[in-house]
Structure formats: C-alpha cells, structure tokens
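Encoded as structure tokens, the structure appears first; notes follow it.
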C-alpha cells in the first residue's frame with residue numbers, strides 16, 4: 001500500500017502540492033487526472049523519490065521511502081517518466097537489461113536473462129530486440145521502456161503520461177498491457193493521464209487534482225461525474241454510458 | 001569487429017608508439033637519454049590516461065558529450081592556485097620549494113572547488129547544458145586572466161624560479177612529481193572501483209539512475225572528487241591541454257559504438273596515448289620543436305568542438 005500523509009511541495013514559494021493525503025490499494029490501477037500544472041507529475045515523482053518533498057510522509061508498505069535503502073526501493077517501485085530521451089547507443093535488449101540492475105548490479109545471472117526474455121516477450125519485442133532505440137518509432141520506444149519496467153519486476157509501477165505522443169492503437173495496446181499486468185501479475189499501477197476517457201475505461205480508482213489539492217478521489221464511477229469534472233476542468237462535460245463504460249463528451 | 005578486438009588494436013598501436021618514441025634515433029649518450037625518454041613517456045601515459053578517464057566520467061555524470069572538466073575551467077583553476085601560492089608565500093617558501101607539499105595542497109583546493117561546482121551542476125531541478133557551458137567558459141577565462149594578473153605583480157626573479165616548477169609542458173615534464181602521481185592515481189583507481197558499476201546506469205540520466213536504485217548524490221559527488229584529483233595530476237605533470245579529453249572521448253564513442261564504460265574508458269585512454277605520443281613524436285621529429293603539441297591538439301579539438309556544438313544544437 002502506498003500511503004501519503006499531508007504532503008507539501010513548493011517551488012520558489014509557489015505551492016505545487018498543497019496538503020495531499022492519499023491511500024492507494026494494492027492490485028489496482030489508479031489514474032491521476034487534472035489540468036496542466038495541477039501537480040500530477042510532481043506528486044508521482046515524489047512517490048518515486050525523484051523529487052524531495054518539503055513536508056509530510058510517504059510510506060510504501062509501511063516503510064518511509066526516505067529510510068529505505070535505494071536498492072531495496074528499486075526492487076519495490078519503478079517509475080517511467082514522460083521524457084525518456086536517452087542519448088546512448090542502446091538496443092532494446094540492452095535497455096531492458098538495465099531493469100535488472102537493482103538485482104544484479106550489472107552482472108547478469110541466468111535468472112536475470114530469463115526475466116529479460118520474459119519482459120521482451122510480454123511487450124512483443126522479440127523480433128526487434130537488437131534494434132537501436134534511435135531507430136524505433138515513438139510507440140515502439142515506449143513499449144521498450146515499459147519492458148524495462150517489467151524486467152525491474154517491482155510491485156508498484158508509476159507511469160508519467162505513458163500515452164504521450166502515441167496514436168489510438170498504441171495507446172489502447174499499452175493500456176491493455178497495464179490492465180494485464182494488474183490482473184495477471186498482481187502489480188499496482190499509478191499513472192498520470194490526460195485523456196479522461198482512457199482513465200475512465202481502464203482504471204479502478206481516480207484521483208483528481210487541481211492547483212496542488214485533491215478535488216476528489218475514489219472509484220472511477222464516482223469521479224467521472226458531471227459536477228466533479230466541472231469543478232476540475234471548468235468545462236461542461238457530458239457523460240454518456242456506452243456498454244457500461246462512462247464516456248466523456250467534451251468537444 | 002568486436003569491442004575486445006577494437007580495444008586491443010588501440011592498445012597495440014599505443015604500445016608501438018611508446019616504443020617508437022623511446023627507441024627512435026637512439027644514439028649518443030644512451031645512459032643519459034634513455035632514462036629521460038622513459039620517464040617522459042611514463043609521464044605522458046599517466047597524464048593521457050588521467051585526462052581521458054576523468055573526461056569519460058565527467059561526461060557521464062553531466063550527461064552530455066560537450067562539457068569536459070577542462071572546458072569548465074578546472075585546469076585553469078590549477079594554474080591559478082599555483083600562482084596564488086607564489087603570490088602569497090613567495091617562491092622560496094617551503095610550500096613552493098617542496099613540490100610534493102605544493103601538489104597536495106593544490107589537489108585539496110581542487111577537490112573543494114569541485115564540491116562547490118557540484119552545487120552549481122546538480123542542485124537545480126533542471127540541468128541546462130548551455131548555461132553550464134557559459135559558466136564554465138566565464139570561470140575558465142576568469143581564472144586565466146587572474147593568473148596573468150598576479151604573475152605581472154610577482155617579482156620577476158621569483159617568477160622565474162616559480163615558473164619552472166609550476167608550469168609544466170609536454171616538452172618540460174615535471175619529473176619530480178611522477179612517483180607521487182603514480183601513488184595518487186593508484187589510490188584513486190582503487191577508490192573508483194567501488195563506483196564503477198554505477199557508471200553505465202548513471203549514463204541513462206538522473207531519473208533513471210535513481211529509479212534503478214543508484215544512491216545518486218552520494219555517487220556523483222564522489223565521482224566528481226575523483227575527476228578533480230585526476231585533472232590536478234595531469235595538469236601538474238604536463239600542463240593544461242584543453243581539448244584533448246573532448247577529442248579522445250568523442251572519438252572513442254564514435255569508434256566503439258557502445259555505451260559500456262568498460263570499453264569506453266579503456267579505448268579513450270588508448271586513443272589519448274596515441275594522440276599524445278604520436279603528436280609529440282611528430283612535433284619533435286617533423287616540426288623539430290617549431291610548434292607544440294598543445295597547439296596541434298587544441299586546433300583539431302577546437303574545430304571538432306564547434307562541429308559538436310552545431311550537431312548537438314540541432315538535436316536539442
């Protein structure tokens with residue numbers, strides 16, 4: 001369980017995260033939605049210790065992330081940021097191998113190789129595993145990064161806008177994979193997402209943020225609601241139910 | 001061609017050049033010439049190795065291919081410290097006369113400076129390469145001008161005494177310091193081995209490194225100290241060669257086409273030795289000392305540097 005208590009963060013006296021408390025259950029997909037500058041990415045970066053918080057406590061399975069060893073934490077939680085511009089000459093397989101670093105410290109064992117193979121197969125990258133990252137399309141590169149996260153084999157996976165710059169087909173493909181990871185492997189996934197329809201169709205819980213504060217959190221059907229969305233986005237959004245899915249019409 | 005094969009080829013070329021340099025045209029008083037040439041080659045190996053190694057590490061922790069410790073003005077700082085010591089204590093003081101003490105003091109100050117630099121480099125949330133480059137250029141020029149300024153003020157006689165010891169060049173290797181340098185380099189290497197495994201991961205960038213469990217700040221701070229010591233050693237032995245590191249490390253990346261630091265470090269060191277030994281041989285035998293190797297390397301390096309800036313500019 002990820003547990004945040006009264007977390008604060010400000011940049012140059014501007015409050016970015018303002019007294020956020022939150023509990024995230026295991027084995028679920030939780031989406032963070034909200035307008036630009038709401039603090040979604042900052043929050044997810046703080047949970048994964050990329051950014052230090054100013055105040056409050058963040059614990060994962062009861063252990064404070066500040067008092068957990070870096071290497072142990074890396075076996076428990078992984079993050080994929082939106083701008084993963086790596087300017088190294090790396091093949092897909094080499095990138096995925098990096099996911100094993102917390103376990104192998106650079107010296108891959110047989111078990112590591114097996115996990116790498118598994119992750120590559122899971123993302124269907126087998127045929128192109130020896131291609132260099134700079135030869136790939138945006139969707140393929142994103143899949144390679146997700147494969148690395150799978151190889152890291154952490155219980156918690158954090159993704160910062162994983163659908164950025166992807167077309168519909170790849171977006172759906174990635175969301176289905178995430179759903180599979182939760183259902184089949186019992187992972188817990190937290191993601192920042194802009195498209196509220198993707199959030200609505202694939203997540204169990206939604207946390208809606210605005211100006212660094214939580215406006216509403218709860219089950220998807222509670223948050224995808226006309227009044228709530230009006231409060232977050234200042235827009236009148238029509239919600240239609242199609243095949244038990246709530247689809248927001250905001251055009 | 002495999003990585004191993006490429007590395008071995010470079011090693012062999014470097015070794016042959018060293019032999020050529022030592023034994024070429026060996027006539028006259030062999031007992032005098034041979035040890036002198038030998039120690040010079042030894043100093044070149046230490047320096048070339050230290051510069052290449054420091055640059056690889058520095059480029060990895062700053063995550064770019066343009067910035068080198070020299071471009072950031074670390075070796076001009078070394079010169080400034082030297083001049084400052086003469087300026088304050090005088091050329092006849094203990095600090096100046098005993099080159100080992102002088103050496104250790106200088107290294108100490110360099111390490112302090114690199115920790116200061118650390119704050120500059122890594123404290124901000126964003127890591128803007130062009131801003132850093134600007135700071136480095138300004139600092140380098142500032143250190144250089146300040147050095148000149150103090151040298152003008154120093155008593156000319158004192159300056160003459162100090163100059164010989166302070167300002168080494170590849171034609172005038174500071175042989176007193178070779179043995180101390182070997183010890184320092186060996187200790188630094190030993191210390192470095194603890195952090196070696198992190199380099200490949202750090203090259204992925206700060207976020208990825210933290211994600212993969214690298215104690216980032218702890219490691220990067222210590223790597224930066226190692227870089228500062230290596231640059232001090234190389235500058236003390238044969239003086240500053242600004243663009244050597246930039247040139248050899250980029251060539252190594254182009255030639256090896258890998259991200260693995262094991263091969264990149266080795267090949268950079270060998271390319272650096274090839275450049276220095278080959279260059280020095282040409283300077284002595286072809287140009288008969290009409291030019292210096294720093295001029296040649298800074299010329300080639302400068303052109304390459306501009307090329308890199310233009311290329312990177314398109315990418316970012």
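Chains as they are written, first to last, in my numbering: chain A, 1 to 251; chain R, 1 to 316.
From the three backbone atoms N, C-alpha and C, an ideal C-beta is built for every residue, glycine too.
If we cut at 8 Å on Cβ distances, does residue i have a partner in chain R?
{"i": "residue 217 of chain A", "result": "no"}
{"i": "residue 171 of chain A", "result": "no"}
{"i": "residue 41 of chain A", "result": "no"}
{"i": "residue 38 of chain A", "result": "no"}
{"i": "residue 49 of chain A", "result": "yes"}
{"i": "residue 35 of chain A", "result": "no"}
{"i": "residue 78 of chain A", "result": "yes"}
{"i": "residue 17 of chain A", "result": "no"}
{"i": "residue 186 of chain A", "result": "no"}
{"i": "residue 106 of chain A", "result": "yes"}
{"i": "residue 86 of chain A", "result": "yes"}
Would you say the beta carbon of residue i is closer than 7 Å to some non-hydrogen atom of the ligand GDP?
{"i": "residue 190 of chain A", "result": "Among the components modelled here there is no ligand, and therefore nothing to report on the ligand GDP."}
Once the 5 residues before and after residue i are set aside, which same chain residues still bring their CB inside 7 Å of it?
{"i": "residue 189 of chain R", "result": "none"}
{"i": "residue 98 of chain A", "result": "148"}
{"i": "residue 151 of chain A", "result": "96, 99, 100, 115, 116, 119"}
{"i": "residue 61 of chain A", "result": "1"}
{"i": "residue 154 of chain R", "result": "86, 87"}
{"i": "residue 278 of chain R", "result": "17"}
{"i": "residue 103 of chain R", "result": "177, 180, 236"}
{"i": "residue 222 of chain R", "result": "195"}
{"i": "residue 25 of chain A", "result": "1"}
Under 8 Å between C-beta atoms, does residue i make it to chain A?
{"i": "residue 75 of chain R", "result": "no"}
{"i": "residue 213 of chain R", "result": "yes"}
{"i": "residue 205 of chain R", "result": "yes"}
{"i": "residue 68 of chain R", "result": "no"}
{"i": "residue 258 of chain R", "result": "yes"}
{"i": "residue 197 of chain R", "result": "yes"}
{"i": "residue 307 of chain R", "result": "no"}
{"i": "residue 271 of chain R", "result": "no"}
{"i": "residue 226 of chain R", "result": "no"}
{"i": "residue 30 of chain R", "result": "no"}
{"i": "residue 183 of chain R", "result": "no"}
{"i": "residue 210 of chain R", "result": "yes"}
Measuring alpha carbon to alpha carbon, tell me which residue in the options is nearest residue i.
{"i": "residue 217 of chain A", "options": "A:23, A:28, A:5", "result": "A:23"}
{"i": "residue 12 of chain A", "options": "A:106, A:225, A:54, A:125", "result": "A:54"}
{"i": "residue 250 of chain R", "options": "R:64, R:33, R:9", "result": "R:64"}
{"i": "residue 94 of chain A", "options": "R:233, R:200, R:157, R:240", "result": "R:200"}
{"i": "residue 55 of chain R", "options": "R:289, R:310, R:285, R:234", "result": "R:234"}
{"i": "residue 112 of chain R", "options": "R:77, R:18, R:8, R:304", "result": "R:77"}
{"i": "residue 122 of chain A", "options": "A:52, A:235, A:43, A:177", "result": "A:177"}
{"i": "residue 242 of chain R", "options": "R:1, R:301, R:261", "result": "R:301"}
{"i": "residue 258 of chain R", "options": "A:88, A:26, A:82", "result": "A:88"}
{"i": "residue 52 of chain R", "options": "R:255, R:288, R:245, R:290", "result": "R:245"}
{"i": "residue 330 of chain A", "options": "A:42, A:80, A:104, A:182", "result": "Lying before the first or after the last residue shown, residue 330 of chain A is absent from chain A, which here runs from 1 to 251."}
{"i": "residue 81 of chain A", "options": "A:47, A:107, A:70", "result": "A:47"}
{"i": "residue 224 of chain A", "options": "A:33, A:156, A:140", "result": "A:33"}
{"i": "residue 159 of chain A", "options": "A:199, A:133, A:128", "result": "A:199"}
Counting only the same chain and skipping the five closest in sequence on each side, list residues whose C-beta sits under 8 Å from that of residue i.
{"i": "residue 280 of chain R", "result": "21, 44, 170, 293"}
{"i": "residue 39 of chain R", "result": "173, 175, 178"}
{"i": "residue 74 of chain A", "result": "101, 102, 152, 154"}
{"i": "residue 130 of chain A", "result": "91, 92, 93"}
{"i": "residue 261 of chain R", "result": "56, 60, 196, 199, 200, 203"}
{"i": "residue 298 of chain R", "result": "241, 242, 243"}
{"i": "residue 24 of chain R", "result": "281, 285"}
Assuming contact is defined by CB atoms lying nearer than 8 Å, are residue i and residue j in contact in what I supplied?
{"i": "residue 31 of chain A", "j": "residue 242 of chain A", "result": "no"}
{"i": "residue 363 of chain R", "j": "residue 209 of chain R", "result": "This structure cannot speak to residue 363 of chain R, because chain R is shown only from 1 to 316."}
{"i": "residue 29 of chain A", "j": "residue 189 of chain A", "result": "yes"}
{"i": "residue 229 of chain R", "j": "residue 184 of chain R", "result": "yes"}
{"i": "residue 237 of chain A", "j": "residue 249 of chain A", "result": "yes"}
{"i": "residue 46 of chain R", "j": "residue 266 of chain R", "result": "no"}
{"i": "residue 192 of chain A", "j": "residue 161 of chain A", "result": "yes"}
{"i": "residue 120 of chain R", "j": "residue 135 of chain R", "result": "yes"}
{"i": "residue 157 of chain A", "j": "residue 187 of chain A", "result": "yes"}
{"i": "residue 174 of chain A", "j": "residue 211 of chain R", "result": "no"}
{"i": "residue 37 of chain A", "j": "residue 4 of chain A", "result": "no"}
What does a CB cutoff of less than 6 Å around residue i pick up in its chain, not counting 5 residues either side in sequence?
{"i": "residue 270 of chain R", "result": "10, 11, 14"}
{"i": "residue 71 of chain R", "result": "136"}
Along chain B, which residues have their Cβ under 7 Å away from the Cβ of residue i?
{"i": "residue 201 of chain R", "result": "Among the protein chains in the structure shown, which are A and R, there is no chain B."}
| request: List in chain order: all unbroken alpha helix (DSSP H) runs of 4+ residues lying wholly within the segment 7 to 87 of chain R. | output: 30 to 62
| message | Report the start-end ranges of each beta strand (DSSP E) in the segment 187 to 223 of chain A that is 3 residues or longer and not cut off at the edges. | response | 188 to 192, 205 to 210, 213 to 219
| said: For a minimum of 4 consecutive residues, which ranges assigned as the alpha helix (DSSP H) are wholly contained in the segment 168 to 235 of chain R? | reply: Fully enclosed alpha helix (DSSP H) runs of 4 or longer: 178 to 192, 199 to 202, 206 to 211.
| At which residue ranges does the segment 106 to 145 of chain A contain complete alpha helix (DSSP H) runs of 4 or more residues, listed in the order of the chain? | 110 to 122
| said: Which complete alpha helix (DSSP H) runs does the segment 13 to 65 of chain A hold, if anything under 4 residues is left out? | reply: Here the runs fully enclosed are 40 to 47.
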